[in-house]
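Residue numbers (the working numbering), protein chains in the order written: chain H, 1 to 519; chain Z, 520 to 936.
Here it is in structure tokens:
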């Protein structure tokens, strides 16, 4: 530990910390642009200069290591002046086009000007004219006039993805970011550059000119598109009175999580978000003579419970087939285990997941569901589908379907369903299966659920619902809980499960892996 | 008499001095032989420290102290980089040393490397010095044939290779850490310090970086001793300096003089005074980055401390003489254009600040200036001072501030105020 004084405040901080981090630890924010915690300090923006007693020059907070007895001033006259000059210089060549800039509202330069700048411009010269829309790759546009040359983008590609597509070209005031010839930024992490850019120089083609950032509400959730289960934010637009928007979710962003994804997410996860709104099933549908008719959730759940109970009483539960997927939460899978493994004996459990894709040896895994590990640990042990030994004759089929990016993997079910007299489909998205089943129950996506998943590395993450459920959709967990209660085989168990926390609590008692993992 | 000796340049002009046989006939490589065969590295370091050999590149940092920063034992290789990227406007002394007497530099490299425990040295030479680069390469081959470089130097266990690397024309690559980046094959951007090159330098290994003239002094310190060296100049500032005089003087060129010679003496005695009909107005005493001195300020001793106290610096010893007919606005324009052009663009104050000043000055030169512009220039230059990533910011700001302060009236008059 080292004793230092920052702005008159005496503190003890860990040895080896930079002044920036030491100040941060006691809630003093030192403005910075080129520094990003994922990279070693660069020291080029010169915004984080602070005064250290006994040193003639101002020193960089981002790279200077604290030493015993250091007396640091982050708000002195000299520091504020130096800060103001850096901002004045950056803004001298930066276009004041905030009103049409996608970064406005999220922009560090804009914020710092408000906080530390507020000077009148003395720059009467002509600003450099530069290219305003340089495509850097399939997802990114660079505005060179807005660029402040912090080189975060260059360093990300050099040090994190190690693909090195970008560099600084030319010199002095003509310095500019560009990709090396024939090497645009098309790696699977390109979208991070738009987030990393502290100003509006690199913007995301997907988000450009779509909305203003201050209209958006950010909610934390988990990316469900692979088994890494990265922490993300969903940014959605709550809408205006009397104005219909054609979109609800506008973008996904990485949410800092040093355990799993640091500050990054992959492009596959980032740009595949239209599934949250497109082709959703929003009402309960019952197939009557080839026609899908709307019905009530409670009624159909009750009916399902009744049918299950009948088979249970007739000791024909081996005629029940249940198809699961591993995008269900731990809590849901645990309830499924309780009902289909413990309450009802000999039920045939199968697993159908979206087909594997290509992993990228970093965040993106080949499996495309977030809770494969959770399913394994909970011990449901579903069979592969179709099973090697063929089927018993099934009297009932319950399908928990998951097909956010295409339902091709359920094609194999069609011939089986023709033979089954009663079938129920839980699905969040429309599918051709809907015409083949008896009842369709609208289900939820991970972003609309509360619960937990375990990622490929065995890290448990809990989350709350980020988005409201659409229409009459309910979570699979809610359905399972109702079914369990309606069956009444182990009524007291289900009666005590009042929240996802209750379920996870019980799960933790049952399965040692979960013990002490939840918060 | 000893005080007048030109030990560095005395042999210049001798026919074929750049060839090893001629150099040997004139006592060449004796110092290296003495060092490698009969001295311990610690003894050499002690001698160089005692000699107060200050860096000749510009900053004047004591060479012995710099060498002493290199960890004596390291699990990594150590490197020597000779900075021959002579880019400071007005400076042309290293060019003379390397073209006239390349073996003197090699001899200095051998002693330095032996002292610090280095087995690989680089000469980073500016790209324009093509003939000199070839001459150095030839000299290296000759020295190798003689057993002065390569393995078992002078029959000892000491081994050393020297490689000549040509720069590509950027002023910034003369800054030591930008030089290292460039040598590693990267864009010549200065590094954030600390760590300093002595601990983390070329390819992340401990590295000594010295100017050509600094290294060329080393053989003389070894041959004649630190005491002789300090007597040559000033006690805290030993040896001679090679001053390069340019401008409207009768005899522009290089002059090797002991440190402590007065600027007036250099211009009016050695360089022969002003050309007929020209009158002295100002002098830039140490390369373009050194703040300007007026004609009244030239009775000053040419050494690091005296010039520092006068608000300027000895720098690279390049003395640029300016006469009365030269417009200071033109001078200012040349200065700002140069630094705006040569700013690497990495840090904000230098990239935007110097370019902004240059834009103002160019506007002033086009007859569109106003008195407030001078205030803006001074404010910006002061804001750049001491706040940039590398010394280039100061190098640009100092001469600009000097000119604007000392020639304010002339600049205002030229703008019609």
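Every residue gets a Cβ at the ideal spot worked out from N, C-alpha and C, and that includes glycine. Since the structure is predicted, the reported quantities are computational estimates derived from the model, not experimental observations.
Query: Which two residues bound the contiguous alpha helix (DSSP H) that contains residue 503 of chain H?; Result: 500–510
Query: Please list, in chain order, all residues of the same chain as residue 520 of chain Z whose beta carbon is under 7 Å from its beta carbon, the five residues on each side excluded.; Result: With a pLDDT of 37 at residue 520 of chain Z, under the threshold of 50, the predicted position of this residue should be treated as unreliable, and no value is reported.
Query: Is the shortest distance between the beta-carbon of residue 848 of chain Z and the beta-carbons of chain H less than 9 Å?; Result: no
Query: Residue 554 of chain Z CB to nearest chain H CB: under 9 Å?; Result: no
Query: Quick one, which of Z:678, Z:844, Z:762 has its alpha-carbon nearest residue 666 of chain Z's?; Result: Z:678
Query: Using the beta-carbon of each residue, which ones in chain H are nearer than 9 Å to residue 859 of chain Z?; Result: 172, 173
Query: To which residues of the same chain is residue 312 of chain H closer than 6 Å at the C-beta, ignoring the five residues directly before and after it?; Result: 344
Query: Could one say the Cβ of residue 575 of chain Z lies closer than 9 Å to chain H's Cβ atoms, at least one of them?; Result: no
Query: Hey, quick one: how far does the alpha helix (DSSP H) through residue 828 of chain Z stretch, first residue to last?; Result: 823–828
Query: I need the straight-line Cα distance from residue 839 of chain Z to residue 808 of chain Z, nearest angstrom please.; Result: 11 Å
Query: Where residue 402 of chain H and residue 307 of chain H are concerned, what is the direct C-alpha to C-alpha distance, given to the nearest angstrom?; Result: 24 Å
Query: Which value, in whole angstroms, describes the spacing of the CA atoms of residue 410 of chain H and residue 384 of chain H?; Result: 13 Å
Query: Would residue 900 of chain Z pass as an interface residue toward chain H - the criterion being a Cβ-Cβ separation below 9 Å?; Result: no
Query: Contact between the segment 796–804 of chain Z and the segment 770–777 of chain Z: three or more CB pairs below 8 Å?; Result: no
Query: Is the Cβ of residue 60 of chain H closer than 9 Å to any Cβ of chain Z?; Result: yes
Query: Taking any Cβ of chain H, which residues in the segment 903–919 of chain Z have a Cβ under 8 Å from it, in chain order?; Result: 905, 906, 907, 908
Query: Would you list, in chain order, the members of the segment 91–107 of chain H that have their beta-carbon closer than 8 Å to a beta-carbon of chain Z?; Result: 92, 93
Query: Does any CB atom of chain Z fall closer than 9 Å to the CB of residue 122 of chain H?; Result: yes
Query: Quick check on the DSSP output: the beta strand (DSSP E) that includes residue 86 of chain H runs from which residue to which?; Result: From DSSP, residue 86 of chain H is part of no beta strand (DSSP E) but of the alpha helix (DSSP H) over 77–92.
Query: Taking Cβ-Cβ distances shorter than 7 Å, what residues in chain H pair up with residue 872 of chain Z?; Result: 89
Query: Would DSSP call residue 376 of chain H helix, strand or coil?; Result: helix
Query: Are any of the Cβ atoms in chain H nearer than 9 Å to that of residue 708 of chain Z?; Result: yes
Query: Smallest Cα separation from residue 420 of chain H: which of H:109, H:322, H:39, H:150?; Result: H:322
Query: What would DSSP say about residue 420 of chain H, mapped onto helix, strand or coil?; Result: coil
Query: Starting from the beta carbon of residue 723 of chain Z, find every residue of chain H whose beta carbon is closer than 7 Å, and list them in chain order.; Result: Simply none; closest approach about 13 Å.
Query: In whole angstroms, what separates the C-alpha of residue 751 of chain Z from that of residue 894 of chain Z?; Result: 44 Å
Query: With 9 Å as the threshold, decide whether the Cβ of residue 213 of chain H is near any Cβ in chain Z.; Result: no
Query: What residue from Z:554, Z:529, Z:566 has the CA that sits closest to residue 519 of chain Z's CA?; Result: This structure does not reach residue 519 of chain Z, given that chain Z is present from 520 up to 936, and the question cannot be answered.
Query: So, at 7 Å on beta carbons, what are the nonlocal neighbours of residue 48 of chain H in its own chain, with the 5 sequence-adjacent residues on each side left out?; Result: 20, 30, 31, 32, 35, 60, 61, 62
Query: Output needed for residue 14 of chain H: all residues of its chain with C-beta closer than 7 Å, excluding positions within five of it in sequence on either side, in chain order.; Result: 1
Query: Tell me which same chain residues have a C-beta within less than 7 Å of the C-beta of residue 846 of chain Z, skipping the five on either side of it?; Result: 933
Query: For residue 865 of chain Z, return the contacting residues in chain H, with the cut-off set at a CB-CB distance below 7 Å.; Result: 44
Query: How many Å lie between residue 75 of chain H and residue 517 of chain H at the Cα?; Result: 42 Å
Query: Could you tell me whether any Cβ in chain Z is nearer than 9 Å to the Cβ of residue 56 of chain H?; Result: yes
Query: On the DSSP letters alone, give me the boundaries of the alpha helix (DSSP H) that residue 898 of chain Z sits inside.; Result: 890–903
Query: Identify which residue in H:139, H:190, H:334, H:262 has its Cα closest to the Cα of residue 504 of chain H.; Result: H:334
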